[in-house]
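Notes follow the structure.
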Amino acid sequence: MVTNFLIYGLVNSAILMLSAIGFSLTFGLSGVANFAHGAMYLTAGFIAWMLINYLGLSPLVAMLLTVVLMGILGALIYRIILMPVRGIVLSEVISTFALGVALIEFFRWKGFTSFDFSLPPFVKGSIEIFGVTIDYQRLIIIGIALIIALFLWYFTHYTNTGLALRGMAQDEYTALSIGIESDWAAMLSLGLGAALASVAAVAILPLGIISINLGYEIFLIALAVSVLGGLESTLGLFVGSLILGYAMVIASTYLGPQWGQVVYLGAIVIVLAIKPSGLFGKYKELEERV
Amino acid sequence: MRTNLSHRKERIDRGIKVRSDDIFVLASMRDLLYVILPKAIVILAMLILPLLKDVVGMYWLNVLVTTLVVILLALSWDLLASAGLVSLGQAFFFGVGSYIAGYLSFKFGWSPLFTIPTATLVGSIICALFLYPVLRLRGIYFGLITFALPLLLARLIEATKVLGGTEGMSALPPIPGMTGKLYLLMFVVLLTLFGFRRLISSNYGLVFQGIRDNDRAVIAAGYNIQWYKTQAVFIAALPATFAGAFVAHHFQFVGVPAFAMDYSILPLTAVVVGGAGTFIGGALGAVILMPLSEILREFGSLRVVIYSLLLLLFSIGLPEGLFKYVKRKYSQIERLTTMEEVKHD
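Sequences listed follow chains L and U, in order.
Position in the first sequence counted from 1, then plus 779, gives you this note's numbering.
Position in the second sequence counted from 1, then plus 5, gives you this note's numbering.
Below, the structure written as structure tokens:
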């Protein structure tokens, strides 16, 4: 029972972290709260499904292609939709939100709502660890979450591009004055965010069917994890998803399944009220309150 | 160095606008109409519409009720935004008003005559108390917390099964008479609209605008902005909680849908289309959008897609909003003027 709880809590945490990582990256680096994050996740799932079922590509190729396509789509969204309203917080929120709802409801209208819509897992089968049966896909999710977290940490700390993006997030004017282009940085961060959302989609969606309402749910989960951990902090993301992941498993096991949602929504409200920069966020503290 | 002539557009005030603005003498009937007509048309339309029950039918009168409710929520949003608080969760205020009115009449059997004023006043105080701890937050952070709050309350009511749980509270006493109901709503809308416009241009409202434009300067001027923001939330919550209480008795039902995202998004859409910061903008947006969304109903779930694409289009293409655009056309003319461009070779 305890090992069961430990392992499934870990899997849940990895799922949360993967879902949140794209949103957190975009918000942390360019300050755009991408309300279309859940819609991107959903779109990636359906694109992968269409590539596999209509074009007959092999799953792995289709998934890689999806990630690339979604990255380009994210950058295009910045160019076309966000650039004209850059800096006006309300307009940014409304245009990404409107785009997200339009995408999600478009899929609903197209009738993408049956049980046929599911992605194949990378590897079928399951394994027994400490007396707990767990399928390979869940193990792979943990692996991917770890690899991406490490990659991001390396990318934002040791590569020129990553450092430029972080510079932009810390102080836009100083970054501009040493020749980092604001629009380029924001476009890159949106593209990366969308690509990471689609990595999450192709890894997590094989666990169940692609349901339309995931589009709304994933955004709220991503918001909760990134707010709890603190923005633009990879460690915060890691710790935040562990806390929320286990809290959700505990709540839905002992209190009932509908309490899972209460946990992450409550986390958003409580953390924003007490410490809006989250557990590990640092340099946004002056901006977010007076 | 050479110069070449090119054209650019120039905007100047219409003569009639200048006259009616500055000279406080009744110059002509035309000047008077120019000033009064826009406001008079709005008020007259509002007074006449409820009487047309036989012409437009009950269905469209119900649409009118929803439109007026959305206008109230949009006005409330606009006042909050004028104090620098961008809310993404008008459903919070709406739901609080709804639940208080519903609970009072469901549990104690109060008549709507008492529940609606109580819910409006007590609900606004509760909203102000609830949001007091987060008023220090700025910009998007305040928006995010108001976005999550109504969703959280809805899930909590479902999970703890208090206040009727998922079934809600039904069979509440209705407000009798459609015409009287509409007039009550219209009266409140007009009162809020003109009251808020007056409030925000008074000295007191100037402090709100100061907080929106530069909060640190207002602190430096010796104002307690936390206290002013609390007052802004209280005042802005009044029309929204009233709308919630009214709808509770209109539908004779209160349930989790009172916290639904619709009540956050519809007023926001209305304000974006109509133009923020003018109060009338939100009303104009609601008057255009709500009937439109009813007409689009035959498209099924494609309705939401069209609706959100429209919203996207407006927020990118016309960020100032429809009202400011129309107002500019009404009071100014555009003409081409020549200008000299100097080029250095």
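Cβ coordinates follow ideal geometry from the N, Cα and C atoms, glycine included.
Since this is a predicted model, take the numbers as computed values, not measurements.
Give the secondary structure of residue i by DSSP, where H, G and I count as helix, E and B as strand, and everything else as coil.
| i | result |
| --- | --- |
| residue 950 of chain L | coil |
| residue 202 of chain U | helix |
| residue 218 of chain U | helix |
| residue 914 of chain L | strand |
| residue 36 of chain U | helix |
| residue 95 of chain U | helix |
| residue 11 of chain U | strand |
| residue 357 of chain U | Nothing can be reported for residue 357 of chain U: it is not among the residues displayed for chain U, which extend from 6 to 350. |
| residue 168 of chain U | coil |
| residue 266 of chain U | coil |
| residue 344 of chain U | strand |
| residue 798 of chain L | helix |
| residue 303 of chain U | helix |
| residue 247 of chain U | helix |
| residue 895 of chain L | coil |
| residue 259 of chain U | strand |
| residue 129 of chain U | helix |
| residue 163 of chain U | helix |
| residue 142 of chain U | strand |
Evaluate residue i with the Cβ neighbour count: other Cβ atoms within 10 Å of its Cβ, from every protein chain shown; 16 or more gives buried, anything less gives exposed.
| i | result |
| --- | --- |
| residue 35 of chain U | exposed |
| residue 26 of chain U | exposed |
| residue 254 of chain U | buried |
| residue 232 of chain U | exposed |
| residue 936 of chain L | exposed |
| residue 43 of chain U | exposed |
| residue 884 of chain L | buried |
| residue 51 of chain U | buried |
| residue 63 of chain U | exposed |
| residue 780 of chain L | exposed |
| residue 159 of chain U | buried |
| residue 143 of chain U | buried |
| residue 333 of chain U | exposed |
| residue 222 of chain U | exposed |
| residue 1047 of chain L | buried |
| residue 196 of chain U | exposed |
| residue 10 of chain U | exposed |
Rounded to the nearest angstrom, what separates residue i and residue j at their Cα positions?
| i | j | result |
| --- | --- | --- |
| residue 139 of chain U | residue 215 of chain U | 19 Å |
| residue 2 of chain U | residue 241 of chain U | What is shown of chain U runs 6 to 350, which leaves residue 2 of chain U out entirely. |
| residue 922 of chain L | residue 81 of chain U | 48 Å |
| residue 834 of chain L | residue 823 of chain L | 15 Å |
| residue 78 of chain U | residue 99 of chain U | 8 Å |
| residue 283 of chain U | residue 338 of chain U | 21 Å |
| residue 855 of chain L | residue 15 of chain U | 34 Å |
| residue 863 of chain L | residue 220 of chain U | 26 Å |
| residue 331 of chain U | residue 199 of chain U | 19 Å |
| residue 76 of chain U | residue 288 of chain U | 5 Å |
| residue 301 of chain U | residue 74 of chain U | 20 Å |
| residue 860 of chain L | residue 293 of chain U | 24 Å |
| residue 246 of chain U | residue 194 of chain U | 13 Å |
| residue 141 of chain U | residue 1053 of chain L | 10 Å |
| residue 173 of chain U | residue 257 of chain U | 11 Å |
| residue 993 of chain L | residue 203 of chain U | 45 Å |
| residue 123 of chain U | residue 236 of chain U | 18 Å |
| residue 1056 of chain L | residue 227 of chain U | 27 Å |
| residue 171 of chain U | residue 177 of chain U | 16 Å |
| residue 920 of chain L | residue 1026 of chain L | 19 Å |
| residue 166 of chain U | residue 108 of chain U | 14 Å |
Whose C-beta lies closer than 6 Å to the C-beta of residue i among residues of the same chain, with five residues either side of it excluded?
| i | result |
| --- | --- |
| residue 792 of chain L | 1020, 1021, 1024 |
| residue 20 of chain U | none |
| residue 326 of chain U | 279, 280, 286 |
Return the chain-ordered list of same chain residues with a C-beta closer than 7 Å to the C-beta of residue i, the five sequence neighbours on each side being excluded.
| i | result |
| --- | --- |
| residue 136 of chain U | 238 |
| residue 217 of chain U | 87, 88, 89 |
| residue 127 of chain U | 105 |
| residue 886 of chain L | 821, 825, 991 |
| residue 782 of chain L | 909, 910, 911 |
| residue 320 of chain U | 277 |
| residue 955 of chain L | 961 |
| residue 265 of chain U | 96 |
| residue 116 of chain U | 178 |
| residue 263 of chain U | 99, 100, 103, 104, 249 |
Beta-carbon within less than 8 Å of residue i's beta-carbon, same chain only, minus the 5 sequence neighbours each way: which residues are those?
| i | result |
| --- | --- |
| residue 12 of chain U | 341, 342, 343, 344 |
- Does the pairing of the region 260 to 273 of chain U with the region 150 to 158 of chain U give three or more beta-carbon distances under 8 Å? Output reads yes: the region 150 to 158 of chain U touches the region 260 to 273 of chain U.
Would you call the region 971 to 982 of chain L and the region 839 to 853 of chain L touching, i.e. three or more CB-CB distances under 8 Å?
yes
Q) Are there three or more Cβ pairs, one per stretch, closer than 8 Å when the region 806 to 817 of chain L is compared with the region 1033 to 1040 of chain L? A) no
Any chance the region 998 to 1010 of chain L sits against the region 965 to 974 of chain L, with 3 or more Cβ pairs inside 8 Å? no
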